[in-house]
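S.K.: The working numbering puts the last residue of the sequence shown at 456; the count rises by one with no breaks. We treat Cβ as the ideally placed atom computed from N, Cα and C, and that holds for glycine.
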Amino acid sequence: MTTQADNLGSRDLKRANLLKYGAAAGLGLAVLSPARPAVAAQPRAAQVRAPMAVPATLGVLDLYINEGYLKMVDDSLVYHRGFGTSPTHLKDANPNLALSPVVFTAAGTVVESRSYPLGAQLPPAGVPQPASADGANPGQFMIRRNYWASYFPKRTIIAEVGSTLRFRIHNRLAKEHRFTIHGAGPGGSDVGTGAIAPSATAELELACPPPGSYIFSDPSNAPVERVLGLFGAIVVIHPNHQWDVAPGLAAFERQWIWICHDIDPVWAEMEATGKTVNPQQTKAVPRYFTLNGRSGYESLAITKDTALNLASEEETLIAGFPRQVDVRQFGEGTTLGTLRGGQLVRLINPGIVHHQMHFHGNHIWLARWNNRELSRDDGFVDPDGHVVMQQWEDVAELSPMHVKDCILPMKRPPDAVDQVWLARTTDWVYPMHCHAEPSQTAAGECTREDWWPTGP
């Protein structure tokens, strides 16, 4: 490891040599949430026969409800459905079941981009580089403010405040399906297309909701369709506050989106053979748990596929250089243009399992809960009996269809004495694993680690 601050720019960021962490395996019970009624927006056009593909229209995102088989981490093929950006067939070798990240801009365009802000500097291998060493705090650094872009995983839509979200949803399957954005309507209501008949198209147009993280899914026969893959996330960002959780709230260096999902091959096989799953009769027992679409060694970026490893690390592996953190504000540093904040982690759970995300090395600071701004002085008790307020959390519990915006501080661990902190010669790596039994199951687990490039 390079130990001189002036050599940071030339540092080799190879992470294949980092210590990787796994988690124990076990089998647990999935929790089924009752279906929430959607307040359907009226389609702007009559349903019509859906062609194979339609010409692109400026400012409109076309999504195709497709089906196909996806390879799991153990090489099994499991039937899936998904919102894709081009039409594909059941037997296609590479079915389009997860849209690539796109941005609805305030200017009215739809831009395909896996990084945001558009035009911002891309962090090398996903790791933001520091501005300089922090002379007042040995082994720590001054962090650039409002500088680095963030990478986003598949199934993510970024929307700028002031944009209009325009969708055309093409149902290419044999059953009715829906497209619903949860909590994005007036008063936090759901908005959607309503039922879309087989081979039909429906349009949906809505004003961009306030800054936050929203889940979209097909709520038909909930939660079956989203377990099969008909889900995604919309991240709303104010174009004048692109490095803030929301205007006036915590600032961050870059952000990560973690989308948790659960896959039940039994449900998938039933639907693939023309049956309709009754979730009350056939209880869900997920076998695979994914983080941004990957599980097991794929989520840890230790495969033989270098492109997959790089994408996994850019999109999922929380990283940065250690810095002094001011938890009171997560704002400006002592030097103009630097930052005392950490990294924003948006925990999004479209699945059916309660996750308990446990980070080693540092606690995380809960900033928002289901797009609700939280108080630092007073909280409330949620229906599950948890106190919800801005606070440090050792374990971030994430219920089905819930979202948490958290700050990982990237600060010196409180138990790191000077002799250890100043003598380190390698990057420190910390695991994140789930403390809930179901996601530590046999075939694919929901595990990740975070790490810091370091230097005294």
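(1) Scan the segment 388-448 and note each continuous alpha helix (DSSP H) run of 4 residues or more that stays entirely inside, going in chain order.
(2) Work out the CA separation of A184 and V161 for me, nearest whole Å.
(3) Rounded to whole angstroms, what's the CA-CA distance from D244 to A251? Just pull it up for me.
(4) How would you label V191, buried or exposed, when you count the other beta carbons within 10 angstroms and need 16 or more for buried?
(5) Please go through the same chain and pick out, in chain order, the residues whose beta-carbon is closer than 6 Å to the beta-carbon of K91, but skip the five residues on each side of it.
(6) What residues match up with C208 in a beta bridge as DSSP calls it?
(7) To the nearest angstrom, how far is it from the Cα of P219 to the Cα of A207?
(8) Measuring straight from C-alpha to C-alpha, what distance separates R145 and L97?
(9) Taking its Cβ as the centre, do 16 or more other Cβ atoms sit within 10 Å of R476, making it buried, or is it exposed?
(10) Between which two residues does the alpha helix (DSSP H) containing V235 stretch?
(11) Does the beta-carbon of Q329 have 16 or more other beta-carbons within 10 angstroms, so that it is buried, or is it exposed?
(12) Can you check which of these residues, A200, A195, S217, A120, is closest to F83 by C-alpha distance?
(13) Going by alpha carbons, who is nearest to D123 out of H238, E253, L58?
(14) Alpha carbons only, please: which of L339, E315, V60 is nearest the one belonging to W258?
(15) Measure the C-alpha to C-alpha separation of A436 and Y147 and round it to an integer number of angstroms.
(16) Please name the residue in G296, G274, V227 whose C-alpha comes closest to that of P286.
(17) Tell whether a beta-carbon distance below 9 Å holds between V429 and L347.
(18) Mapping DSSP to helix, strand and coil, what is V266?
(19) Determine whether the beta carbon atoms of A462 and C406 lie at a separation below 9 Å.
(20) Take the Cβ of A38 as the centre, count every other Cβ of all protein chains shown within 10 Å, and call the residue buried at 16 or more, exposed below.
(21) Can you grab the Cα-Cα spacing for the pair T57 / E112, in whole Å?
(22) On the DSSP bridge assignment, give the partners of D244 in chain order.
(23) Which same chain residues, not among the five before or five after V387, have their C-beta less than 7 Å away from its C-beta?
(24) On the DSSP letters alone, give me the boundaries of the beta strand (DSSP E) that G342 sits inside.
(25) Using only CA atoms, which one of D394, S399, T290 lies nearest to G385?
(26) Pull up the DSSP beta-bridge partners for M142, would you.
(27) By alpha-carbon positions, which one of A222, Q140, G59 ends up nearest to A284?
(28) Helix, strand or coil: which one does DSSP assign to S295?
(29) Out of D62, Y64, G68, P55, state which residue places its alpha-carbon closest to the alpha-carbon of T273.
(30) Give the straight-line distance between the Cα atoms of H170 and Q140, rounded to the nearest whole angstrom.
(31) Label G293 either buried or exposed according to how many other C-beta atoms from any shown protein chain fall within 10 Å of its C-beta, with 16 as the threshold for buried.
(32) Would you kindly work out how many angstroms separate the C-alpha atoms of H355 and W369, rounded to a whole number?
(33) Can you tell me the Cα-Cα spacing of P186 and E373, whole angstroms?
(34) I need the DSSP call for G68, collapsed to helix, strand or coil.
(35) Using CA atoms only, rank isn't needed, just tell me which of C434, N137, E313 is closest to P322.
M.R.: The answer reads as follows:
(1) The segment 388-448 contains these whole alpha helix (DSSP H) runs: 418-423.
(2) Sequence index remark: in the sequence shown, residue 161 carries index 161 (1-based). Sequence index remark: in the sequence shown, residue 184 carries index 184 (1-based). In this structure, the alpha-carbon of V161 lies about 13 Å from that of A184.
(3) The sequence position of residue 244 within the sequence shown is 244, counting from 1. The sequence position of residue 251 within the sequence shown is 251, counting from 1. Roughly 4 Å separates the two Cα atoms.
(4) The residue you call residue 191 lines up with position 191 of the sequence shown. V191 sits buried, since 16 or more C-beta atoms from the chains shown fall within 10 Å of its C-beta.
(5) Locating residue 91 in the sequence shown gives position 91, where the first residue counts as 1. So no residue of the chain qualifies.
(6) Your numbering for residue 208 matches position 208 in the sequence shown. Looking at the DSSP assignment, C208 forms no beta bridge with any residue, so it has no partner.
(7) To locate residue 219, count along the sequence shown from 1; it is residue 219. To locate residue 207, count along the sequence shown from 1; it is residue 207. Rounded to whole angstroms, P219 to A207 spans 21 Å at the Cα level.
(8) For the purposes of this step, residue 145 is taken as residue 145 along the sequence shown, with counting starting at 1. For the purposes of this step, residue 97 is taken as residue 97 along the sequence shown, with counting starting at 1. Each residue's CA atom was taken as its position, placing R145 and L97 some 36 Å apart.
(9) Missing from the structure shown is residue 476; the chain here goes from 1 to 456 and no further.
(10) Within the sequence shown, residue 235 is the residue found at index 235, counting from 1. Counting along the chain, V235 sits inside no alpha helix (DSSP H); it lies in the beta strand (DSSP E) bounded by residues 231-237.
(11) Taking the sequence shown and counting its residues from 1, one reaches residue 329 at position 329. It is exposed - the Cβ of Q329 has fewer than 16 other Cβ atoms within 10 Å.
(12) Along the sequence shown, one-based indexing puts residue 83 at 83. The residue with the shortest Cα to Cα distance from F83 is S217.
(13) By one-based count along the sequence shown, residue 123 stands at place 123. Reading the sequence as shown, one finds Pro at residue 123 and not Asp. Looking at the Cα atoms, E253 is the closest of the given residues.
(14) In the sequence shown, residue 258 corresponds to position 258, counting from 1. Among L339, E315, V60, the Cα nearest to that of W258 is on E315.
(15) Looking up residue 436 in the sequence shown gives position 436. Looking up residue 147 in the sequence shown gives position 147. Roughly 36 Å between the two C-alpha positions.
(16) Along the sequence shown, read from residue 1 onward, the residue named residue 286 stands at position 286. Checking every option, the nearest Cα to that of P286 belongs to V227.
(17) In the sequence shown, residue 429 corresponds to position 429, counting from 1. In the sequence shown, residue 347 corresponds to position 347, counting from 1. No. Outside cutoff.
(18) Mapped onto the sequence shown, residue 266 falls at position 266. In this structure, V266 counts as helix in the three-state DSSP scheme.
(19) The chain is shown only over 1 to 456; residue 462 falls outside these bounds and no answer can be derived.
(20) In the sequence shown, counting from the first residue as 1, residue 38 sits at position 38. Only weak support is given to the placement of A38: the predicted model assigns it a pLDDT of 39, under 50, and the value that follows is read from those uncertain coordinates. With 16 or more other CB atoms across the displayed protein chains lying within 10 angstroms of its CB, A38 is buried.
(21) To locate residue 57, count along the sequence shown from 1; it is residue 57. To locate residue 112, count along the sequence shown from 1; it is residue 112. Straight-line measurement puts the Cα of E112 at about 14 Å from the Cα of T57.
(22) For the purposes of this step, residue 244 is taken as residue 244 along the sequence shown, with counting starting at 1. DSSP lists A251 as partners of D244.
(23) Reading the sequence shown from its first residue, position 387 is the one you call residue 387. Listed in chain order, the non-local C-beta contacts of V387 below 7 Å within the same chain comprise G379, V381, local neighbours out to five positions each way being set aside.
(24) For the purposes of this step, residue 342 is identified with residue 342 of the sequence shown, where counting begins at 1. Under the DSSP assignment, G342 falls outside any beta strand (DSSP E); it carries neither an H nor an E label.
(25) Here residue 385 refers to the residue found at position 385 when the sequence shown is read from its first residue. Of the listed residues, the one whose Cα sits closest to G385 is S399.
(26) Counting from one through the sequence shown, the residue named residue 142 turns up at place 142. Beta-bridge pairing links M142 to S132.
(27) As a position in the sequence shown, residue 284 is number 284, starting the count at 1. Minimum Cα distance to A284 is reached at A222.
(28) Taking the first residue of the sequence shown as position 1, residue 295 is located at position 295. In this structure, S295 counts as coil in the three-state DSSP scheme.
(29) In the sequence shown, counting from the first residue as 1, residue 273 sits at position 273. That would be G68, whose Cα lies nearest to the Cα of T273.
(30) For the purposes of this step, residue 170 is identified with residue 170 of the sequence shown, where counting begins at 1. For the purposes of this step, residue 140 is identified with residue 140 of the sequence shown, where counting begins at 1. Straight-line spacing of the CA atoms in H170 and Q140 works out to 51 Å.
(31) For this step, residue 293 is matched to residue 293 along the sequence shown. Answer is buried; the Cβ neighbour count reaches 16.
(32) Translated into positions along the sequence shown, residue 355 becomes position 355. Translated into positions along the sequence shown, residue 369 becomes position 369. Rounded to the nearest whole angstrom, the C-alpha separation of H355 and W369 is 15 Å.
(33) In the sequence shown, the residue the question calls residue 186 occupies position 186. In the sequence shown, the residue the question calls residue 373 occupies position 373. Rounded to the nearest angstrom, the two C-alpha atoms are 17 Å apart.
(34) Numbered from its first residue, the sequence shown carries residue 68 at position 68. In the structure shown, G68 adopts extended strand secondary structure according to DSSP, grouped into three states.
(35) For the purposes of this step, residue 322 is taken as residue 322 along the sequence shown, with counting starting at 1. Of the candidates C434, N137, E313, the one whose C-alpha sits nearest the C-alpha of P322 is N137.
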